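Taking it in order: structure first as structure tokens, then the write-up.
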Amino acid sequence: MNAQIPRTFQVKSFGCQMNVYDGERMAELLEAEGLDAAADGVDADLVVLNTCHIREKAAEKVYSDIGRLVRRDGPPPMIAVAGCVAQAEGAEIVRRAPGVDIVVGPQAYHNLPELVRKAARGEGALDTDMPLLSKFGALPARRRQGPSAFLTVQEGCDKFCTYCVVPYTRGAEVSRPFAAIVDEAKALIDAGAKEITLLGQNVNAWRDAEGRGLDILIRALDALPGLARIRYTTSHPMDMDESLIRAHAEVGKLMPYLHLPVQSGSDRVLKAMNRSHDAATYLRILGRVRAARPDIAISGDFIVGFPGETEEDFEATLQLVEAVNYAQAFSFKYSPRPGTPAAEMEDQISAELMDERLQRLQALLNAQQLAFNQASVGRRTEILLERPGRKPGQKVGKTPWLQSVHLETEAAIGEIVEVELLSAGPNSLAGAELVKEAA
Ligand code: SAH
Ligand code: SF4
Ligand code: F3S
395 MNAQIPRTFQ
405 VKSFGCQMNV
415 YDGERMAELL
425 EAEGLDAAAD
435 GVDADLVVLN
445 TCHIREKAAE
455 KVYSDIGRLV
465 RRDGPPPMIA
475 VAGCVAQAEG
485 AEIVRRAPGV
495 DIVVGPQAYH
505 NLPELVRKAA
515 RGEGALDTDM
525 PLLSKFGALP
535 ARRRQGPSAF
545 LTVQEGCDKF
555 CTYCVVPYTR
565 GAEVSRPFAA
575 IVDEAKALID
585 AGAKEITLLG
595 QNVNAWRDAE
605 GRGLDILIRA
615 LDALPGLARI
625 RYTTSHPMDM
635 DESLIRAHAE
645 VGKLMPYLHL
655 PVQSGSDRVL
665 KAMNRSHDAA
675 TYLRILGRVR
685 AARPDIAISG
695 DFIVGFPGET
705 EEDFEATLQL
715 VEAVNYAQAF
725 SFKYSPRPGT
735 PAAEMEDQIS
745 AELMDERLQR
755 LQALLNAQQL
765 AFNQASVGRR
775 TEILLERPGR
785 KPGQKVGKTP
795 WLQSVHLETE
805 AAIGEIVEVE
815 LLSAGPNSLA
825 GAELVKEAA
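Add 394 to the 1-based position in the sequence shown for the numbering used here, that's all there is to it.
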């Protein structure tokens with residue numbers, strides 16, 4: 395416990411990009427209250443752990459982090475647990491970890507300043523409400539940005555895949571209003587953003603009161619001067635409608651990259667997962683996307699070892715991966731989550747079998763990713779410079795296909811430079827800047 399108004403803070407975000415976005419908004423909120431971000435390596439008076447509940451390992455991590463904070467030299471900080479573990483476990487967190495001062499859920503963090511004041515008075519400070527009026531209206535304006543910014547447009551999920559906690563931790567699907575999103579995009583551009591990634595748990599389910607879909611929002615952003623690139627994530631296959639696919643053929647700033655998770659290639663497993671699509675439907679959708687934008691990079695998420703998954707089911711996943719040929723992918727061992735239907739299913743798969751399947755799947759996905767990068771060698775393309783590299787003079791940027799490229803350049807972070815891609819590894823490429831010839 396810490397009974398003093400903190401002057402400095404640190405926000406540590408785990409989990410998905412939406413948590414990164416929420417973490418930035420919480421930092422803006424605390425700064426607007428007069429707190430300062432603690433300098434690197436300096437202990438903060440208030441530490442916000444912005445947590446993830448998606449798999450057991452992620453959810454348990456928060457307790458080791460709390461332990462470390464409580465034991466650190468000097469007075470312990472005020473500790474706030476935010477994010478999806480806060481929503482899922484609520485007051486249980488304080489029972490298990492009495493060093494925690496504040497528990498605040500993903501839909502309530504606009505109340506963080508009030509909770510800090512309560513905690514400083516030694517009062518219990520817990521808020522896991524999911525109010526009807528969204529938090530966004532109560533947040534301060536966006537501030538200085540790196541070249542690539544996140545913008546949440548849709549939150550929550552109504553799909554209830556049987557393994558997943560997100561519908562419980564983030565609540566029902568809610569779309570932010572069109573004008574609020576465009577205003578925030580303008581503010582981000584004014585603050586230095588060159589690229590905006592629209593975020594949602596099912597971002598392509600975004601729809602406003604007038605019935606406009608994500609494609610219309612993307613076209614509105616395309617018209618904003620100063621913005622160079624638009625991305626969106628994460629999409630659900632069943633919300634991948636024709637107008638959004640057409641946007642990939644028609645909208646210049648929309649980058650040729652689509653993250654479209656499928657989880658499994660077995661129809662039997664997909665059904666048990668309540669995914670509402672089979673493997674053939676997924677492949678058909680990707681066929682239409684590729685017809686609209688032939689060079690598009692496809693990425694996905696996979697779960698191995700879902701309850702009852704047989705060797706045959708798993709091989710169907712490998713076959714689907716062969717059929718798609720992914721540019722990038724994320725794969726996970728199934729983790730039973732409290733309160734989800736799959737956690738109660740029979741035939742839970744042994745840890746050994748999950749390990750073996752994960753290794754086989756990742757070997758295939760890694761080979762595809764390397765092949766995708768190698769096929770880019772020799773290509774001339776544009777790189778958005780995002781950060782300094784490790785060596786002096788070196789910078790790291792992204793291709794339109796979201797590959798990281800290391801190069802030597804005098805150009806500043808935030809600029810877009812023309813490069814030729816020279817060599818490729820599994821996770822990044824090297825490039826050389828193409829110097830424009832004097833006229
Ligand atoms: N809304 C997105 C992402 C949800 S969470 C979607 O529907 O695709 C991100 C990824 O975590 C999921 O795509 C899934 O692959 C993985 N995941 C979710 N629950 C999991 C669990 N219980 N065990 C292992 N992986 C899980
Ligand atoms: Fe979870 Fe499924 Fe919703 Fe994605 S669509 S957030 S995996 S329930
Ligand atoms: Fe994790 Fe919550 Fe995101 S559970 S993946 S932080 S929506």
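Built from N, CA and C at the ideal position, the CB exists for glycine as well.
Every value quoted in this text rests on a predicted model; they were computed, and no experiment measured them.
- Message: Just checking Val718 against the ligand SAH - is the residue's beta carbon closer than 7 Å to any of the ligand's heavy atoms?
- Response: Taking the first residue of the sequence shown as position 1, residue 718 is located at position 324. Val718 has its Cβ no nearer than 7 Å to any heavy atom of the ligand SAH.
- Query: Say the cut is 7 Å; is the CB of Lys553 nearer than that to a heavy atom of the ligand SF4?
  - Reply: Counting from 1 along the sequence shown, the entry for residue 553 is found at position 159. Yes - the ligand SF4 has a heavy atom lying nearer than 7 Å to the Cβ of Lys553.
- Query: From Ser528 to Thr591, what distance separates their C-alpha atoms?
  - Reply: Along the sequence shown, one-based indexing puts residue 528 at 134. Along the sequence shown, one-based indexing puts residue 591 at 197. C-alpha separation (whole angstroms): 20 Å.
- Message: Using only the alpha-carbon positions, how far apart do Leu608 and Val568 sit?
- Response: The count along the sequence shown starts at 1 and reaches residue 608 at position 214. The count along the sequence shown starts at 1 and reaches residue 568 at position 174. Rounded to whole angstroms, Leu608 and Val568 show a C-alpha spacing of 13 Å.
- Query: Could you give the distance in angstroms between the alpha-carbon of Asn396 and the alpha-carbon of Ala514?
  - Reply: Start at 1 with the first residue of the sequence shown, and residue 396 comes out as number 2. Start at 1 with the first residue of the sequence shown, and residue 514 comes out as number 120. For Asn396, the predicted model reports a pLDDT of 49, less than 50, meaning its position is unreliable and no value from the coordinates is stated.
- Query: Residue range of the beta strand (DSSP E) that Lys792 falls in?
  - Reply: The sequence position of residue 792 within the sequence shown is 398, counting from 1. 788 to 792 is the span of the beta strand (DSSP E), which, as asked, contains Lys792.
- Message: Is the beta carbon of Ile612 closer than 8 Å to that of Val559?
- Response: What you label residue 559 is simply residue 165 of the sequence shown in a count that begins at 1. What you label residue 612 is simply residue 218 of the sequence shown in a count that begins at 1. Against a cut-off of 8 Å, the Cβ pair of Ile612 and Val559 comes out as no contact.
- Cβ of Ile473 versus every heavy atom of the ligand F3S: is any distance shorter than 7 Å? Locating residue 473 in the sequence shown gives position 79, where the first residue counts as 1. Result no, Cβ not under 7 Å from the ligand F3S.
- Reduced DSSP category for Asn413 - H, G, I as helix; E, B as strand; rest coil: One-based indexing of the sequence shown puts residue 413 at position 19. In the three-state DSSP reduction, Asn413 falls in the helix class (H, G or I).
- Message: Under DSSP, the alpha helix (DSSP H) around Gly681 begins and ends at which residues?
- Response: On the sequence shown, residue 681 is found 287 positions in, with the first residue counted as 1. 673 to 686 is the extent of the alpha helix (DSSP H) around Gly681.
- For Phe530 and Leu593, believed in contact at Cβ under 8 Å, the rounded distance: Here the question's residue 593 lines up with position 199 in the sequence shown. Here the question's residue 530 lines up with position 136 in the sequence shown. That belief does not hold up - the Cβ atoms of Leu593 and Phe530 are roughly 13 Å apart, past 8 Å.
- Task: Could you tell me which of Lys580, Cys555, Ala585, Ala476 sits nearest to Arg537, measuring between CA atoms?
- Result: Sequence index remark: in the sequence shown, residue 537 carries index 143 (1-based). Closest in alpha carbon position to Arg537, among Lys580, Cys555, Ala585, Ala476, is Ala585.
- Note down, in chain order, each residue of its chain lying with its Cβ closer than 8 Å to the Cβ of Val799, except the 5 sequence neighbours on either side. On the sequence shown, residue 799 is found 405 positions in, with the first residue counted as 1. Cβ within range, chain order: Ile777, Val790, Gly791, Lys792, Thr793, Val813, Leu815, Ser822, Leu823, Ala824, Gly825.
- Message: Please tell me whether, using a cut-off of 7 Å, the distance from the CB of Val560 to the nearest non-hydrogen atom of the ligand F3S is below it.
- Response: Within the sequence shown, numbered from 1, the residue matching residue 560 stands at position 166. Checking every heavy atom of the ligand F3S against the Cβ of Val560, one is found closer than 7 Å.
- Task: Report whether the distance from the Cβ of Pro470 to the nearest heavy atom of the ligand SAH is below 7 Å.
- Result: Residue mapping note: residue 470 aligns to position 76 of the sequence shown, counting from 1. The beta carbon of Pro470 sits no closer than 7 Å to any heavy atom of the ligand SAH.
- Query: Is there at least one non-hydrogen atom of the ligand F3S closer than 7 Å to the beta-carbon of Met524?
  - Reply: Here residue 524 refers to the residue found at position 130 when the sequence shown is read from its first residue. Relative to the ligand F3S, even the nearest heavy atom lies 7 Å or more away from the CB of Met524.
- Message: With the cut-off set at 8 Å, would you say Arg781 and Ile807 are in Cβ contact?
- Response: Residue numbering aside, residue 781 sits at position 387 when the sequence shown is read from its first letter. Residue numbering aside, residue 807 sits at position 413 when the sequence shown is read from its first letter. The answer is yes: Cβ separation under 8 Å.
- Secondary structure, alpha helix (DSSP H): runs of 4+ residues fully inside the region 434 to 513: Listed in chain order, they are 450 to 465, 477 to 483, 486 to 490.
- From which residue to which residue does the alpha helix (DSSP H) around Arg625 run? Translated into positions along the sequence shown, residue 625 becomes position 231. Arg625 -> not in any alpha helix (DSSP H); beta strand (DSSP E) instead, spanning 623 to 627.
- Where the alpha helix (DSSP H) through Lys580 begins and ends: Taking the sequence shown and counting its residues from 1, one reaches residue 580 at position 186. Taken as a continuous stretch (DSSP letters only), the alpha helix (DSSP H) holding Lys580 covers 572 to 584.
- Item | Pair within 8 Å by beta-carbon distance, Tyr728 and Phe700 | Taking the sequence shown and counting its residues from 1, one reaches residue 728 at position 334. Taking the sequence shown and counting its residues from 1, one reaches residue 700 at position 306. Yes.
- Item | DSSP state of Asp749 mapped onto helix, strand, coil | Taking the sequence shown and counting its residues from 1, one reaches residue 749 at position 355. Here Asp749 sits in helix by DSSP.
- Message: Let's see if you can read the secondary structure: which residues bound the alpha helix (DSSP H) around Val813?
- Response: As a working note, residue 813 is residue 419 in the sequence shown. Premise fails: Val813 lies in the beta strand (DSSP E), 810 to 818, not in any alpha helix (DSSP H).
- Item | Beta carbon of Lys580 nearer than 8 Å to that of Leu618 | Taking the first residue of the sequence shown as 1, we reach residue 580 at position 186. Taking the first residue of the sequence shown as 1, we reach residue 618 at position 224. If you check the CB distance, Lys580 and Leu618 come in under 8 Å.
- Stretch-stretch touch, CB-based, cutoff 8 Å, three pairs: the region 422 to 441 with the region 700 to 711: As far as the Cβ criterion goes, the region 422 to 441 does not touch the region 700 to 711, which means the pair count is below three.
- Three-state class that DSSP yields for Tyr651 in the structure shown: Here the question's residue 651 lines up with position 257 in the sequence shown. Three-state DSSP puts Tyr651 in a strand.
- Task: Classify Gly607 as helix, strand or coil using the three-state DSSP reduction.
- Result: Within the sequence shown, the letter at position 213 stands for residue 607. It is a strand residue.
- Would you mind stating whether Val498 and Ala480 have Cβ atoms separated by less than 8 Å? Locating residue 498 in the sequence shown gives position 104, counting from the first residue. Locating residue 480 in the sequence shown gives position 86, counting from the first residue. Between Val498 and Ala480, the gap from beta carbon to beta carbon is short of 8 Å.
- Item | Distance CB(Tyr457)-CB(Ala482) smaller than 8 Å | What you label residue 457 is simply residue 63 of the sequence shown in a count that begins at 1. What you label residue 482 is simply residue 88 of the sequence shown in a count that begins at 1. Not in contact: Tyr457 and Ala482 (Cβ atoms no closer than 8 Å).
- Item | alpha helix (DSSP H) segment containing Arg601, residue limits | Residue numbering aside, residue 601 sits at position 207 when the sequence shown is read from its first letter. In the DSSP assignment, Arg601 falls outside any alpha helix (DSSP H) and carries neither an H nor an E.
- Message: In this structure, how does DSSP classify Pro368 when only helix, strand and coil are distinguished?
- Response: Residue 368 falls outside the range modelled here, since the chain spans only 395 to 833, and no answer is possible.
- Give the DSSP bridge partners of Ala589, in chain order. Taking the sequence shown and counting its residues from 1, the one referred to as residue 589 is at position 195. Checking the sequence, you will find Glu at residue 589 rather than Ala. Glu589 is bridged to Ser542, Arg623.
- Query: For Arg774, which beta-bridge partners are listed by DSSP?
  - Reply: Residue numbering aside, residue 774 sits at position 380 when the sequence shown is read from its first letter. BP columns for Arg774 point to Glu814.
- Task: Report all residues from its chain with a CB closer than 6 Å to the CB of Leu764; omit the five preceding and five following residues, and keep chain order.
- Result: Reading the sequence shown from its first residue, position 370 is the one you call residue 764. Pro820, listed in sequence order.
- Query: From Ser817 to Thr628, what distance separates their C-alpha atoms?
  - Reply: Counting from one through the sequence shown, the residue named residue 817 turns up at place 423. Counting from one through the sequence shown, the residue named residue 628 turns up at place 234. Cα to Cα, Ser817 sits roughly 29 Å from Thr628.
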